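> In UniProt numbering, the protein residues as written are 1 to 1157.
Idealized CB from N, CA, C, for every residue including glycine.
These numbers come from a predicted model, not from an experiment.
For reference, the structure I am asking about is given below.
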Amino acid sequence: NAVKAGWISQKGSSVLNIPSSDPRYLEPGSGDFYAISVLRSQMDNNTAVRFTIEVGAKGTIHELLATGVPVPGVVKAGEYVRYRIVVAESGRHLAILLRAKSGDADLYLGLNATVSRNTSVANSNLYGSDAIFIQSFGGINAQHCSAEVIKQKGECVYFVAVLGISKRTDYKISALVPHGTPVWLAPNSDLEVLVPPRGQQDLLLPLEPGANMTLSVRAFKGILKSVSAKVVSKAKGKHPTKELTDLDDKTADFHGSKFAGVWSMRLEASAFLPLCKAVQDKSGCAVFVSLRTGRGFRGKATWLSDGNKAGSSPSATGKAESLMLQAGVPARGSLRTKDDVLRFGFAVQDATADLSVMLTPLTTCTPVVQLEFPSGASSSASPSIQTLNMDQRLGFVSARVSHMESRFKSGIFYLWVRQLTSKQCEFDVRAELEASASTADFGEMGQAVPTALLLNTPVLASGDRAHYFMFTSQIEKASEAVKREHLELRITTLAGDIMVAVAVLNTSAIANTSKKELLARSFGGIQPVAQSSSGAPRSFVCKVHERCGTALVCQLFVRVRSAREGRFADYLAVANDKTQGLDGRAEVLLPGVPVRGCIGPACPTSRGSSAQYQLFINNPLSTTLVRLSCQGADRDVQCHHVALSADARPTMPEDIAQRTYISPSRNEAKGEIELPIPAVSGGSPGQCSAPCVLLIRVEFEESSSGAANYTLSAASPGGYSLLTDGADPVTAVARPSQPVYYLFDSRRQSPLLTLAVNVPYDSADPHMELVSMYVLDCDVYGPANSSRGVRKVDPGKLEDPKLRPSAENYRFRAIPSSRGQLVAFVTRGPLQTSKIDEGRHCYYRIAVVSHRLKPVEFTIRGFDWHPDTPLLLGEPLEGMVDPKHTFSYRLEGSVGASTSAEKPQVVLSLEVCCGAVRLRTAASDPGLSTGVGDGKARGYVKVDGGMPPTSMPLEESRWLEVSAATGTFSSFVLTAEDPSKRMWLLPKPSSKLVMAKDSSSYHLAWEPAQLFGAGQLEGGAGVDDEPVVEYEVFFVRADMSLSNTSTPCGLYFDFRHRRAKRIFTRSRRTATIFGMRPGHNYVINVVARSVRTGHSVAYTPYRQFVFPEEQSVAEVESGSSTLWDDLGLLFVIGTALTVIYFMRPCCRGSRPAWRGW
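Set out below in structure tokens:
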């Protein structure tokens, strides 16, 4: 025991060193022996621990059996640990896999016992985990392990050296010679798997009675064709017959399915227990699994048990095993029922580093994640169990546990993951160390292990610090570099602002320098990643082939950090393989998170005429709605050539007519395609019987030219879709009286959130009175939409119908603008209960509802206040400023030059609605360019007041700033347009108004407004016989007006604030004005609005003083009243209030259950 022991390992260490200088050291050949005892740690007394013990002397060669069983080890910087591998048969592949648990080490393969960096015949110098693969038919194996050598010596021997790079590296090393004997995989453990081309690998997995088991096989390289399993006795599984090794779909008991780069197979206890009873003997029951591939496969298999209910929570007692996580590498988890619980372990050796945990749900679910500290490993002030903060809407966790705040010590940390609902929950979980205080071996990364990006497996992350991702691309020969043209790394902002940069590690240069120096040099030249130019200004794309070229091994390190120090940002990182083939490769579509893409011959980012996605559907009771909306000015034409289809089979039929779900040939509303996926039970092949993996394909008509930019999303009907900050407008369709819901996630103390909806003109609803937008913030409000919040809304209850925005329940309501938009300005005034703390989620709930008789196609966009808000070409941006806030914008998009000698131009206009504004433009932020913002930056322009449409150089006008020119509140409309696509309204031949007066009224007349520009007649479109505009007359008392009455938005501003009156004349160009009070000066003006494009123009204002004798008849009649008239009105109001009081619903407690009166 520990009292009598001569040597005891250090706390938190798994290594025991006995120096030869110790007087109790036993000399070799003495005949004595050591007695070794392994005791369970007191801080982990309730856990069953499986272990492998290894004894060796320093400087000796360790034996490494080629069985695939990982052997743990430790190596220090600059030191070698060597192993010997025996291969007893010729014609076998050899795979050596080194998995770093912490730190970094390199792997070398040689033919003698002194193998080193300089004498190796093969090596792997990747950051993190390494692997060496020697093909059976390659030159090394053909000479060293040929059939003749095996026949003469009985075996061939390879030697492996592990070289320490970090100060200390804990690792596991394994060797595998693929053969026909099944490999044993214990519960809650993983195994590196290597399958040669056109081969198979068999696994034998024990079954635990009463526990549900899940097998997941994640691909690192290559493709699996199938995963099949059959329940057998352990004795039969160890020595399989030909019938068992030839297992196929017909003879298998269970089959795997592929989703997000992982093959998964779930074995419910209720399903395999009857099969066990039929085959079980004294040896026990197991499941025999066959993995088959066509072109070769390398990956990791994980056998996970979610049983052991006695230890199903951190506070419970009893046996509960866990899967140990590798730093930065994801593990797949699956929860089927509300009672399922999974536990993952992560060993922390460096207590001076922060612990980072990320969990990304791949289905609609919100699992609860708890972190359990080792007993005694945290300070008394910190809890031993901590629930990690979660985005309740998307369900993801991105949490950092600070060692300074928690004061934790080294040991094993456990992650408990449980599900709150009965829906199946698929997720990826990662753990890693960040911001180590140890020696910075790897430049700015320190000793932190970056998050591994695997193909088509998304990672949701957040924070206010830099985060690192790593992607490895390997090819066997330079001619295969063309495959990298289909690979891209994409970082998409969900909330906040980020900056993305990438560094390339060329491992071929390691032979000439140290890895520490190479990494420092790589990050010294880290390069920013440009934003995507195809549809999503908040998406950053890195093309792998542009960075890696023909390098055989290429590692990309991606750094993502908040653009503003201290600001939180949420983002999604994924490595996409755009190759379309029969293997079912597809980008993952997360529920509620829109993705953007481009297909078609003319699309610069497309590699073909189709794109494929995969969606995991886990709700068997609800229909899933897959929605595709085309983007851009010609989206109607684009969508006319796009087909949307889906199928639940592992391989989608190439013939679109054979697929189960197909979009209609002609859509009810142009610009959008909807594909409902109804819930079914059982069903025919291709139908989705939840849970299922649905393959979705977007295809562009092959016979058509051009391209289609689109947004694709999936959600339940009536559910929320996510609006990303500053992204392109999202197209949707509002059907009569069916609200469309959105969520906008804000993480900042912002003074202004702007939401804009573009609504097409409808002659039956010229003032957009039948289309509305309602907004609720993260408070729950009391009755009658009171301005003071009762409490903060629980994000987990966002789907509650009582908490949805509506005409009876809203905090902000959008108002029509002069540009055919509904605009809502969400401000944080003093009446709100509290401001949004930086870093905390605040979900703004948005509802767009139409009561028009026909479906209405609309676009919606939202953006929070922050520097460099994207300004899109052709999209009017309505805003407001005050003396305390300045708003800057970044002009997105490109335009062509009219001639090769000219610079590309853009048409900028600033329409002032009220107050006084100042516009500054430059190529970049002048403050950043000159240090003081003195206006010396290239292309600097400064304008006080409004600016009519003005042509300016595009590149010299990328940065724009709008501020208050005086100390007053101001509002404006900022527009940037492509000159080749620009259209505008202009009154011809004059914008002057003509006023005439008779005894009872004023008569107003004006000239017609015509539409000019792209696609219009040279002399303008629209005459009295064929009008293209409709007119509105506004009149307001001059002393009551707060706006600029010479602009359309100014006239609408006064009208919205009930200071101006409006007369709608449709296409008629005359109006009769009644109701102007005598003794006052009035401003009268006309606004013309295009019924095609939404453009508007104001005429020249007309001023009229109404003399007392000019009082109109209508004014006299409406102004005359008697005492009985007033009493009658008061009687009606009093009666109505009495009826409301006596008929109000009953209320319990102090809070009424009714609202909206």
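If we call anything under 8 Å between Cβ atoms a contact, is residue 395 one with residue 374?
Position 395 of the sequence shown, counted from the first residue, corresponds to residue 395. Position 374 of the sequence shown, counted from the first residue, corresponds to residue 374. Cβ atoms of residue 395 and residue 374: not closer than 8 Å.
> Compare the C-alpha of residue 264 against each of 249, 213 and 236 and name the closest.
For the purposes of this step, residue 264 is identified with residue 264 of the sequence shown, where counting begins at 1. Here the closest residue by C-alpha is 213.
> Can at least three beta-carbon pairs, one atom from the segment 760 to 767 and one from the segment 691 to 707, be found at a separation below 8 Å?
No, they do not touch.
> For the 8 Å Cβ check, are there 3 or more pairs between the segment 951 to 963 and the segment 914 to 926?
The segment 951 to 963, when compared against the segment 914 to 926, does touch it at the 8 Å Cβ threshold.
> Strictly by DSSP, which residues pair up with residue 62?
Counting from one through the sequence shown, the residue named residue 62 turns up at place 62. Beta-bridge pairing links residue 62 to 83.
> Using a Cβ-Cβ cutoff of less than 6 Å, which residues in the same chain neighbour residue 691 once the five nearest sequence positions on both sides are dropped?
Walking along the sequence shown from the start, residue 691 turns up at place 691. Closer than 6 Å at Cβ, skipping near neighbours: 424 and 618.
> Which residue from 452, 273, 1104 and 758 puts its Cα closest to that of residue 206?
Residue numbering aside, residue 206 sits at position 206 when the sequence shown is read from its first letter. The candidate whose alpha carbon is nearest that of residue 206 is 273.
> Specify, as a first and last residue, the run of the alpha helix (DSSP H) that residue 279 falls within.
Taking the first residue of the sequence shown as position 1, residue 279 is located at position 279. Note, residue 279: alpha helix (DSSP H), 269 to 279.
> Is residue 466 closer than 8 Å to residue 559 when the C-beta atoms are compared?
Looking up residue 559 in the sequence shown gives position 559. Looking up residue 466 in the sequence shown gives position 466. Contact flag set, yes.
> For residue 9, which residues from the same chain have a beta carbon less than 7 Å from its beta carbon, with the 5 sequence-adjacent residues on both sides left out?
Position 9 of the sequence shown, counted from the start, is the residue given in the question as residue 9. 15 and 16.
> Am I right that residue 340 and residue 306 are in contact with their C-beta atoms under 8 Å? What's the rounded C-beta distance?
The residue you call residue 340 lines up with position 340 of the sequence shown. The residue you call residue 306 lines up with position 306 of the sequence shown. Right, the Cβ-Cβ distance comes to about 5 Å (below 8 Å), so this counts as a contact.
> Could you give the DSSP three-state label for residue 403: helix, strand or coil?
Residue numbering aside, residue 403 sits at position 403 when the sequence shown is read from its first letter. Of the three classes helix, strand and coil, the one that applies to residue 403 here is helix, per DSSP.
> How about residue 1036 and residue 1082: are their beta carbons less than 8 Å apart?
Counting from 1 along the sequence shown, the entry for residue 1036 is found at position 1036. Counting from 1 along the sequence shown, the entry for residue 1082 is found at position 1082. Yes, these two residues count as a Cβ contact at 8 Å.
> Distance, Cα to Cα, residue 477 vs residue 552?
Taking the sequence shown and counting its residues from 1, the one referred to as residue 477 is at position 477. Taking the sequence shown and counting its residues from 1, the one referred to as residue 552 is at position 552. Going from the Cα of residue 477 to the Cα of residue 552 covers about 6 Å.
> Alpha carbon to alpha carbon, how far is residue 714 from residue 646?
Position 714 of the sequence shown, counted from the start, is the residue given in the question as residue 714. Position 646 of the sequence shown, counted from the start, is the residue given in the question as residue 646. Taking the straight line joining both Cα atoms gives about 12 Å.
> CB-CB under 7 Å to residue 198, same chain, minus the five flanking residues each way: which ones, in chain order?
Looking up residue 198 in the sequence shown gives position 198. Cβ within range, chain order: 294.
> Which partner residues of residue 562 appear in the DSSP bridge assignment?
Along the sequence shown, one-based indexing puts residue 562 at 562. Its beta-bridge partners are 498.
> Following the continuous beta strand (DSSP E) through residue 825, name the residue where it begins and the one where it ends.
In the sequence shown, counting from the first residue as 1, residue 825 sits at position 825. Segment 821 to 827, the beta strand (DSSP E) holding residue 825.
> For residue 19, is the classification buried or exposed, using 16 other Cβ atoms within 10 angstroms of its Cβ as the cut-off for buried?
Indexing the sequence shown from 1 puts residue 19 at position 19. With fewer than 16 other Cβ atoms within 10 Å, it is exposed.
> For the 8 Å Cβ check, are there 3 or more pairs between the segment 1047 to 1067 and the segment 1083 to 1100?
They touch, by the three-pair rule.
> Please return the same chain residues whose Cβ sits closer than 6 Å to the Cβ of residue 1088, not counting the five positions on each side in sequence.
Position 1088 of the sequence shown, counting from 1, holds the residue named residue 1088. So the qualifying residues of the chain are 985, 1009, 1029, 1031 and 1097.
> Tell whether a beta-carbon distance below 8 Å holds between residue 1158 and residue 329.
Nothing in the structure corresponds to residue 1158, since the chain is present only between 1 and 1157.
> Excluding the 5 residues flanking residue 1107 on each side, which residues of the same chain have their C-beta closer than 8 Å to its C-beta?
Position 1107 of the sequence shown, counted from the start, is the residue given in the question as residue 1107. 1078 and 1079, listed in sequence order.
> Below 8 Å, can you find three or more Cβ-Cβ pairs linking the segment 1051 to 1062 to the segment 730 to 741?
Flag = no, the segment 1051 to 1062 and the segment 730 to 741 do not touch.
> Would you kindly work out how many angstroms separate the C-alpha atoms of residue 1027 and residue 1092, rounded to a whole number?
Working through the sequence shown from its first residue, we reach residue 1027 at position 1027. Working through the sequence shown from its first residue, we reach residue 1092 at position 1092. Rounded to whole angstroms, residue 1027 to residue 1092 spans 11 Å at the Cα level.
> What three-state label does DSSP hand residue 7 in the structure shown?
Along the sequence shown, read from residue 1 onward, the residue named residue 7 stands at position 7. Correct three-state label for residue 7: coil.
> Return the residue from the list 390, 810, 186 and 235 that minimises the CA-CA distance to residue 358.
The residue labelled residue 358 in the question sits at position 358 within the sequence shown. The shortest C-alpha separation from residue 358 is found at 390.
> Beta carbon of residue 722, beta carbon of residue 862: below 8 Å?
To locate residue 722, count along the sequence shown from 1; it is residue 722. To locate residue 862, count along the sequence shown from 1; it is residue 862. No. Outside cutoff.
> Which runs of the beta strand (DSSP E) fall wholly inside the segment 849 to 899 and span at least 3 residues, in chain order?
Listed in chain order, the complete beta strand (DSSP E) runs (minimum 3 residues) inside the segment 849 to 899 are 856 to 864, 869 to 871, 877 to 881 and 887 to 891.
> Are the CB atoms of residue 876 and residue 975 within a distance shorter than 8 Å?
In the sequence shown, counting from the first residue as 1, residue 975 sits at position 975. In the sequence shown, counting from the first residue as 1, residue 876 sits at position 876. Yes.
> Identify which residue in 404, 505, 867 and 964 has its Cα closest to the Cα of residue 521.
If you number the sequence shown from 1, residue 521 lands on position 521. If we check each option's Cα against that of residue 521, 505 comes out closest.
> Can you tell me the Cα-Cα spacing of residue 622 and residue 611, whole angstroms?
As a position in the sequence shown, residue 622 is number 622, starting the count at 1. As a position in the sequence shown, residue 611 is number 611, starting the count at 1. The alpha-carbon atoms of residue 622 and residue 611 are separated by roughly 26 Å.
> Within the continuous alpha helix (DSSP H) that includes residue 1053, where are the two ends?
For the purposes of this step, residue 1053 is taken as the residue at position 1053 of the sequence shown. Here the alpha helix (DSSP H) through residue 1053 covers 1048 to 1056.
> Could you give the distance in angstroms between the alpha-carbon of residue 929 and the alpha-carbon of residue 888?
Looking up residue 929 in the sequence shown gives position 929. Looking up residue 888 in the sequence shown gives position 888. Below a pLDDT of 50, predicted positions are generally treated as unreliable, and residue 929, at 44, falls in that range; no measurement from the model is reported.
> Any idea if residue 175 is buried or exposed, counting beta-carbon neighbours within 10 angstroms, 16 or more meaning buried?
Reading the sequence shown from its first residue, position 175 is the one you call residue 175. Looking at its Cβ environment, which holds 16 or more other Cβ atoms inside 10 Å, residue 175 is buried.
> Who are the near neighbours of residue 290 in its chain, counting only those whose CB is closer than 6 Å to its CB and skipping five residues on each side?
For the purposes of this step, residue 290 is taken as residue 290 along the sequence shown, with counting starting at 1. Around residue 290: 200, 202, 228 and 247.
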